[in-house]
Amino acid sequence: MEPRRLRKVKKQRLIQRYWQQRSLLSDLLYPASLLYERLGQIKQMRQAGKAYLAPFKVIGIGNISSGGSGKTPLTMALAKAAIESGLKTAVSHRGYKSAMEKKAGIVSMGEGCLYDAKTCGDEAWMSATKLRKAYVSVGRDRVEQLKQLAALEAPPELVFMDDVFQNQSFIKDVNIVCFDARVGLGNGRVIPAGYLRESVSAVARADICVINRKDPGIEVEALKAELSEWCEHIFVVDHSFCGFEDFQGNVVDVDVNQPSLLLSALASPQSFEATAQSVNINYLTHYSFPDHYSFRSREALKPLFEQIRGDDIKQIFCSHKDLPKLIAHRDLLPLLRVLMIEANPFQVNALWQAIRRRMAL
2 MEPRRLRKVK
12 KQRLIQRYWQ
22 QRSLLSDLLY
32 PASLLYERLG
42 QIKQMRQAGK
52 AYLAPFKVIG
62 IGNISSGGSG
72 KTPLTMALAK
82 AAIESGLKTA
92 VSHRGYKSAM
102 EKKAGIVSMG
112 EGCLYDAKTC
122 GDEAWMSATK
132 LRKAYVSVGR
142 DRVEQLKQLA
152 ALEAPPELVF
162 MDDVFQNQSF
172 IKDVNIVCFD
182 ARVGLGNGRV
192 IPAGYLRESV
202 SAVARADICV
212 INRKDPGIEV
222 EALKAELSEW
232 CEHIFVVDHS
242 FCGFEDFQGN
252 VVDVDVNQPS
262 LLLSALASPQ
272 SFEATAQSVN
282 INYLTHYSFP
292 DHYSFRSREA
302 LKPLFEQIRG
312 DDIKQIFCSH
322 KDLPKLIAHR
332 DLLPLLRVLM
342 IEANPFQVNA
352 LWQAIRRRMA
362 L
């Protein structure tokens, strides 16, 4: 019998394929997409009527697509730029599927993460471990997060809010919407008929559009032209390989020709594969799990362990986001190599300067 994990991944990829183009199925689902979008609009209008105004600058970063768009890596890159500019900075995440998702809380005071990834979420853990001088908060209730940050003895001067483009419950000084260069707008339709959370006209709410690109060969001019109808300020940020780390965060050298595997639970596994291929990693199999997968089950990893033994696998490449959940499997630790990705610092700086001008910082 086909493993449940494999069935879920195949289903996820099938859905993504049909979202990329118009089809009879997307036509049939189009009326449902109109209802989905209308319900979302009603929710946003209700939130906007009582939006909270924080006592510091708030930068919202999100997307209008249902998959990965590079918003979290961009959030971290911009937060790093703000810290380097001497600003007291905070980063806010939802903590999707974490123990703290339903109850807002601060998970870092700028000196590392106070919780494990299971408790605070993989994205918050990632920010807390990489942004040592930033506050990091987590929880579905973003207004409560902002209030907790405001109540600190030394509150932040600005907060980067990850995944909040549809959230109108608080005032944003700068509103940024992100797109994946590989996927773009998909078939241009809203869930369930397409890839989008809301129609492209929602881009008009954005102050800045960012196209995140992991493959420099991908053409973005057509997407830029389409977005320019709704937003004047469009930036392209390239994300590329910047080195390998072991499970303890040490920089390591890697022989890419040794028998290897890829292991991930990402919204865009294709981008992870493309990055591995760009540095000529000789991987035999990519074990791809649904985004935010917990990696708790040994049974789900059974095919991977069998291949490790059968093919004499020397290394397993994973993302920094997935690392904390894999550490529980101690027999994997000597094999784990984190494939690190970095946003182009010159492009990030240009974007950061544009944000500063809008906020008069």
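Per the working numbering, the very first residue in the sequence shown carries number 2; after that it's consecutive.
Glycine included, C-beta positions come from ideal geometry on N, C-alpha and C.
Alpha helix (DSSP H) segment containing residue i, residue limits
i	result
residue 37	25 to 49
residue 272	270 to 279
residue 119	118 to 121
residue 1	Within the shown structure, residues of the chain are numbered from 2 to 362, placing residue 1 beyond reach of any answer.
residue 357	346 to 360
residue 143	143 to 151
residue 228	222 to 228
residue 322	Run containing residue 322: none; DSSP gives neither H nor E here.
Sub-9 Å separation of residue i and residue j beta-carbons
i	j	result
residue 286	residue 340	no
residue 234	residue 209	yes
residue 31	residue 194	yes
residue 166	residue 62	yes
residue 282	residue 318	yes
residue 83	residue 108	no
residue 215	residue 342	yes
residue 284	residue 302	no
residue 27	residue 94	no
residue 33	residue 238	no
residue 127	residue 90	no
residue 227	residue 191	no
residue 48	residue 170	yes
residue 101	residue 130	no
residue 104	residue 140	yes
residue 21	residue 188	yes
residue 363	residue 272	Residue 363 lies beyond the range of the chain shown here (2 to 362); nothing can be said about it.
residue 81	residue 35	no
residue 175	residue 23	no
residue 88	residue 333	no
According to DSSP, residues forming a beta bridge with residue i
i	result
residue 101	BP columns for residue 101 are empty, so no partner.
residue 107	138
residue 77	Note: residue 77 sits in no beta bridge, so no partner.
residue 342	242
residue 161	60, 92
residue 253	245
residue 166	Paired residue(s): none; residue 166 is not in a bridge.
residue 337	317
residue 53	171
residue 197	66, 191
Where the beta strand (DSSP E) through residue i begins and ends
i	result
residue 263	261 to 265
residue 246	235 to 246
residue 91	90 to 94
residue 317	316 to 319
residue 180	175 to 181
residue 285	284 to 289
residue 209	209 to 214
residue 305	That residue, residue 305, is in no beta strand (DSSP E); its alpha helix (DSSP H) goes 303 to 311.
residue 186	Looking at the DSSP string, residue 186 is not in any beta strand (DSSP E), and its letter there is neither H nor E.
Expected contact under 8 Å - CB spacing of residue i and residue j to nearest Å
i	j	result
residue 59	residue 173	5 Å
residue 266	residue 323	5 Å
residue 122	residue 96	4 Å
residue 348	residue 236	7 Å
residue 260	residue 289	Not quite, the Cβ-Cβ distance comes to about 18 Å (not below 8 Å), so this is no contact.
residue 76	residue 142	Not really, about 18 Å apart at Cβ, beyond 8 Å.
residue 55	residue 152	So it is not a contact: roughly 11 Å between Cβ atoms.
residue 223	residue 178	The Cβ separation is near 17 Å, so there is no contact.
Heavy atom of the ligand GTP within 8 Å of residue i beta-carbon
i	result
residue 304	Among the components of this structure there are no ligands whatsoever, and the ligand GTP is therefore not found.
Determine contact between the stretch 141 to 159 and the stretch 111 to 120, defined as no fewer than three beta-carbon pairs at a distance below 8 Å. no
Say whether the stretch 349 to 358 touches the stretch 289 to 300, bearing in mind that this needs 3 or more beta-carbon pairs closer than 8 Å, one atom from each stretch. no
Counting beta carbon pairs with one atom in the stretch 242 to 253 and one in the stretch 332 to 339, are three or more of them shorter than 8 Å? yes
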